[in-house]
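Just so you know, we're using the numbering used here here: the sequence shown kicks off at 464 and counts up by one.
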Amino acid sequence: MRLSTLDDRRYAPVFRGLFLLFIGGCFTLLTACDSGGSEGGEPIESSYSFSASGSVANASFDGEARWAVNAAVQDEDGFGINFSGSDGTDQGFLVSGGTRPEPGTYSVRDVQDANTDLTASKDLGFYFIDGQSDTSIQYLSNSGTVTITESTADRVKGEIDIVTTRVNPLAGNQQETTATLTGTFDATYAESGAGIFAPAP
Numbered sequence: 464m465r466l467s468t469l470d471d472r473r474y475a476p477v478f479r480g481l482f483l484l485f486i487g488g489c490f491t492l493l494t495a496c497d498s499g500g501s502e503g504g505e506p507i508e509s510s511y512s513f514s515a516s517g518s519v520a521n522a523s524f525d526g527e528a529r530w531a532v533n534a535a536v537q538d539e540d541g542f543g544i545n546f547s548g549s550d551g552t553d554q555g556f557l558v559s560g561g562t563r564p565e566p567g568t569y570s571v572r573d574v575q576d577a578n579t580d581l582t583a584s585k586d587l588g589f590y591f592i593d594g595q596s597d598t599s600i601q602y603l604s605n606s607g608t609v610t611i612t613e614s615t616a617d618r619v620k621g622e623i624d625i626v627t628t629r630v631n632p633l634a635g636n637q638q639e640t641t642a643t644l645t646g647t648f649d650a651t652y653a654e655s656g657a658g659i660f661a662p663a664p
């Protein structure tokens with residue numbers, strides 16, 4: 464799957480950073496196999512549900528969520544959640560250069576800047592793509608918060624309230640608008656599976 468759906472080169476470092484982060488040994492986020500984990504013997508349903516609203520954006524997304532940490536590169540922190548849509552096309556990432564966050568409210572950073580390094584900050588960066596083609600709509604975080612309500616070895620659960628730049632490649636001169644994504648997620652730990660979601664550069 465290609466994340467870089469625009470010819471605009473200022474987004475290239477963002478996509479390149481995502482590629483290096485998730486395929487270059489930092490994370491293994493597994494989107495096939497088990498749909499949930501367990502905590503204290505109780506099953507955990509891997510899930511997320513987001514709504515996008517704005518002047519031209521009204522949409523909803525849902526599917527499975529899985530989290531992983533940087534286990535492949537020693538002495539480097541890294542945390543990420545992969546959102547895999549129930550329709551088989553949507554994909555998203557919530558990424559931090561830190562370790563698995565404890566419960567609390569965290570700032571979401573701007574990933575619009577061409578020089579943004581998604582792993583250079585403890586703040587979270589967010590990217591979501593609606594579809595799997597060159598015309599797919601993209602959401603890149605601008606500001607906002609993520610509230611972690613539960614954080615254990617089995618699950619990371621929380622809520623998002625993120626202001627994004629919504630990029631629609633088919634919208635001509637109005638490609639970029641503002642959209643706010645809100646919703647909840649319950650991510651299970653990704654430790655095994657038959658398929659690996661890997662963004663392409």
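The beta-carbon is built from N, C-alpha and C at its ideal position, and this holds for glycine as well.
All values reported here derive from a predicted model rather than from experimental measurement.
Neighbourhood of residue i by C-beta, 6 Å cutoff - its chain only, sequence neighbours within 5 removed
{"i": "T641", "result": "G517"}
{"i": "I625", "result": "V571, F589, S604, G607, L644"}
{"i": "L557", "result": "I544, L587, F589"}
{"i": "T552", "result": "G594, Q595"}
{"i": "V574", "result": "V477, G588, L603, S604"}
{"i": "G555", "result": "F546, F591"}
{"i": "V519", "result": "T640"}
{"i": "A522", "result": "A515"}
{"i": "D497", "result": "Reliability fails at D497, whose pLDDT of 43 lies under 50, so the model's placement of it is uncertain and the value that follows must be treated cautiously. So no residue of the chain qualifies."}
Cβ separation of residue i and residue j, assumed to be a contact under 8 Å, to the nearest whole Å
{"i": "D525", "j": "S549", "result": "5 Å"}
{"i": "L587", "j": "V609", "result": "5 Å"}
{"i": "P564", "j": "I611", "result": "5 Å"}
{"i": "P566", "j": "S614", "result": "6 Å"}
N-terminal and C-terminal residue of the beta strand (DSSP E) that residue i is part of
{"i": "S570", "result": "567-570"}
{"i": "L603", "result": "600-614"}
{"i": "A634", "result": "Run containing A634: none; DSSP gives neither H nor E here."}
{"i": "D586", "result": "Premise fails: D586 is in no beta strand (DSSP E) and is neither H nor E."}
{"i": "V558", "result": "554-559"}
Test item: CB-CB of residue i and residue j under 7 Å
{"i": "Q601", "j": "V630", "result": "yes"}
{"i": "G646", "j": "S514", "result": "yes"}
{"i": "E639", "j": "T627", "result": "no"}
{"i": "T562", "j": "F542", "result": "yes"}
Paired residues, beta bridge with residue i - DSSP
{"i": "K620", "result": "E613, D649"}
{"i": "R529", "result": "N545, T651"}
{"i": "V626", "result": "S606, T643"}
{"i": "G517", "result": "A642"}
{"i": "S512", "result": "D525, T647"}
{"i": "D593", "result": "I600"}
Contact test: residue i Cβ vs the ligand COA heavy atom, cutoff 6 Å
{"i": "P632", "result": "By its list of ligands, the structure shown contains no ligand whatsoever, and the ligand COA lies outside what it can speak to."}
Sequence-distant residues of the same chain with beta carbon closer than 7 Å to residue i, five excluded per side
{"i": "L633", "result": "T598"}
{"i": "V532", "result": "G541, F542, T562, R563"}
{"i": "S584", "result": "G560, R572"}
Residues near residue i in its chain [Cβ-Cβ closer than 8 Å; skip 5 each side]
{"i": "Q537", "result": "Note that Q537 scores a pLDDT of 47, beneath 50, so its modelled location is shaky and nothing firm can be said."}
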